[in-house]
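K.L.:
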Amino acid sequence: MSDLKVALMTGTGQGIGKGCAIEMAKAGYKVSLMSPSMRSKELAEELGGIGCQGSVLDNADLQAMVDTTMEKYGRIDAVVSNMGHGGGVPEAIKSVGFDPDFEGPLLELPDTLWHESLDMYVLNVVKLARIVTPIMIEQGTGSFVNISSMNTVEPRAPYPMSMLRGALHSFSKLFGDRYARHNINMNNLMPGFCENVNLSEFARRSIPAQRPATFAEIGKACVFLASEEARYINGQSILSDGGMNRAVR
């Protein structure tokens, strides 16, 4: 196996995605970054990698990112997909933290928002996997890490769109079943509240760790799931939420 390690990463302009990109670079990966803004290009310059401006919903943008990466590095060892909600989330469900008495919109959410969220949460991963998986098969190794949400496995009223990430988790399991024979895995990392969130006091008290996660903590978990050491972990969804979710699975 080559000593060169290359990570293709989306949604890296800020927040969790940026934190993951920084930690992947610290771990020795050459990073190829993309986001809709110029921020990923600026971050890539700082990290000595490739920066692209584009949309994960555009097949041409994804293909161009992969082509540019292969032209420069000749391989892709890890794909990290980080994507939040679409632009049409109603103000009523943008509240920080959550309140047990919160009664947000559910049946009032328009079809366009459901479809947009399915594209953002699920189909972006499917589209990128279609392009990159043949490359990883030829290499004989590769990892996909999808940044998901703790609200996927314990749905909460302020974050109804997170239920669609459940489809992403099911896809990851099916993908893992199909491509583990090629030494390729796909897992989901489910962060809780992070350092950029101004938590409500109720939400803070609900976290056993009594604090939000740092971006570096989420990034280090991402590095592990992308590594050879985690290759036998496949089709799984891993919480990094300070113990906030209560279910024992």
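For the sequence shown, the working numbering puts the final residue at 260, and the numbers step up evenly by one. Where is the CB? At the ideal position from N, CA and C, for every residue including glycine. No experiment lies behind these values; they were computed from the predicted model shown.
#1: Just to confirm my understanding: we take Ala-38, look at its own chain, exclude 5 residues before and 5 after, and list those with CB closer than 6 Å. What are they?
#2: Put Thr-23 into one of helix, strand or coil per three-state DSSP.
#3: So for Ser-66, helix, strand or coil by DSSP?
#4: What first and last residue would you give for the beta strand (DSSP E) that runs through Ile-158?
#5: Cβ of Ala-227 within 8 Å of Cβ of Glu-53?
#6: What first and last residue would you give for the beta strand (DSSP E) that runs through Pro-202?
#7: Please name the residue, chosen from Ala-258, Ser-160, Ala-178 and Ala-32, that lies closest to Lys-41 on a Cα-to-Cα basis.
#8: Report yes if the CB atom of Met-94 is closer than 8 Å to the CB atom of Tyr-132, and no otherwise.
#9: Whose CA, out of Gly-153, Lys-184, Phe-213 and Leu-179, lies closest to the CA of Leu-15?
#10: Along the chain, where does the beta strand (DSSP E) that runs through Met-45 open and close?
#11: Starting from the Cα of Asn-162, find the closest Cα among Met-147, Asn-194, Met-201 and Leu-68 and give me that residue.
#12: Applying the 10 Å Cβ sphere with the 16-neighbour rule, what's the burial state of Ser-181?
#13: Please report the residue range of the alpha helix (DSSP H) in which Val-164 lies.
#14: How many Å lie between Glu-56 and Ala-232 at the Cα?
#15: Please report the Cβ distance between Thr-80 and Ser-48, rounded to the nearest whole angstrom; I am assuming they are in contact, meaning their Cβ atoms lie under 8 Å.
#16: Between which residues of its own chain and Ser-160 is the CB-CB distance below 8 Å, once the five residues before and five after are set aside?
#17: What three-state label does DSSP hand Asn-135 in the structure shown?
#18: Quick one: grab the DSSP three-state call for Leu-250.
#19: Would you grab the beta carbon distance between Ile-158 and Ile-27 for me? Rounded to a whole angstrom, and I think it's under 8 Å.
#20: Would you report the Cα separation of Leu-58 and Ala-36, rounded to the nearest angstrom?
#21: Take Ile-244 and list the residues in its own chain whose beta-carbon comes closer than 8 Å to its own, dropping the five residues that flank it on each side.
P.N.:
Taking the coordinates as given:
#1: Locating residue 38 in the sequence shown gives position 27, where the first residue counts as 1. If the five residues before and after Ala-38 are omitted, its C-beta is found closer than 6 Å to the C-beta atoms of Val-234, all from its own chain and listed in chain order.
#2: Along the sequence shown, one-based indexing puts residue 23 at 12. Reduced to three states, the DSSP call for Thr-23 is coil.
#3: For the purposes of this step, residue 66 is identified with residue 55 of the sequence shown, where counting begins at 1. Reduced to three states, the DSSP call for Ser-66 is coil.
#4: As a first step, residue 158 is located in the sequence shown; it is residue number 147 there, counting from the start. Looking at the DSSP string, the run of the beta strand (DSSP E) that includes Ile-158 is 153-158.
#5: As a first step, residue 227 must be located in the sequence shown, where it is residue number 216. As a first step, residue 53 must be located in the sequence shown, where it is residue number 42. No, these two residues do not count as a Cβ contact at 8 Å.
#6: Walking along the sequence shown from the start, residue 202 turns up at place 191. Residues 195-202.
#7: Within the sequence shown, the letter at position 30 stands for residue 41. Of the listed residues, the one whose Cα sits closest to Lys-41 is Ala-32.
#8: Counting from 1 along the sequence shown, the entry for residue 94 is found at position 83. Counting from 1 along the sequence shown, the entry for residue 132 is found at position 121. Taking 8 Å as the Cβ cut-off, Met-94 and Tyr-132 qualify as a contacting pair.
#9: Locating residue 15 in the sequence shown gives position 4, where the first residue counts as 1. Answer by Cα proximity: Gly-153.
#10: As a position in the sequence shown, residue 45 is number 34, starting the count at 1. Met-45 -> beta strand (DSSP E) spans 40-46.
#11: Locating residue 162 in the sequence shown gives position 151, where the first residue counts as 1. Cα-wise, what sits closest to Asn-162 is Met-201.
#12: For this step, residue 181 is matched to residue 170 along the sequence shown. Looking at its Cβ environment, which holds fewer than 16 other Cβ atoms inside 10 Å, Ser-181 is exposed.
#13: Here residue 164 refers to the residue found at position 153 when the sequence shown is read from its first residue. The continuous stretches of alpha helix (DSSP H) do not include Val-164, and DSSP gives it neither H nor E.
#14: What you label residue 56 is simply residue 45 of the sequence shown in a count that begins at 1. What you label residue 232 is simply residue 221 of the sequence shown in a count that begins at 1. Cα to Cα, Glu-56 sits roughly 24 Å from Ala-232.
#15: Looking up residue 80 in the sequence shown gives position 69. Looking up residue 48 in the sequence shown gives position 37. Going by Cβ atoms, the distance from Thr-80 to Ser-48 rounds to 19 Å, so no, they are not a contact pair.
#16: The residue given as residue 160 occupies position 149 in the sequence shown. The residues are Tyr-170, Ser-173, Arg-176, Met-201 and Pro-202.
#17: The residue you call residue 135 lines up with position 124 of the sequence shown. If DSSP states are grouped into helix, strand and coil, Asn-135 belongs with the helices.
#18: Here the question's residue 250 lines up with position 239 in the sequence shown. Leu-250 falls in the strand class under three-state DSSP.
#19: As a working note, residue 158 is residue 147 in the sequence shown. As a working note, residue 27 is residue 16 in the sequence shown. Right, the Cβ-Cβ distance comes to about 6 Å (below 8 Å), so this counts as a contact.
#20: Here residue 58 refers to the residue found at position 47 when the sequence shown is read from its first residue. Here residue 36 refers to the residue found at position 25 when the sequence shown is read from its first residue. Going by the C-alpha atoms only, they are around 7 Å apart.
#21: As a position in the sequence shown, residue 244 is number 233, starting the count at 1. Excluding residues within five positions, the ones whose Cβ falls inside 8 Å are Asn-196, Asn-198 and Leu-236.
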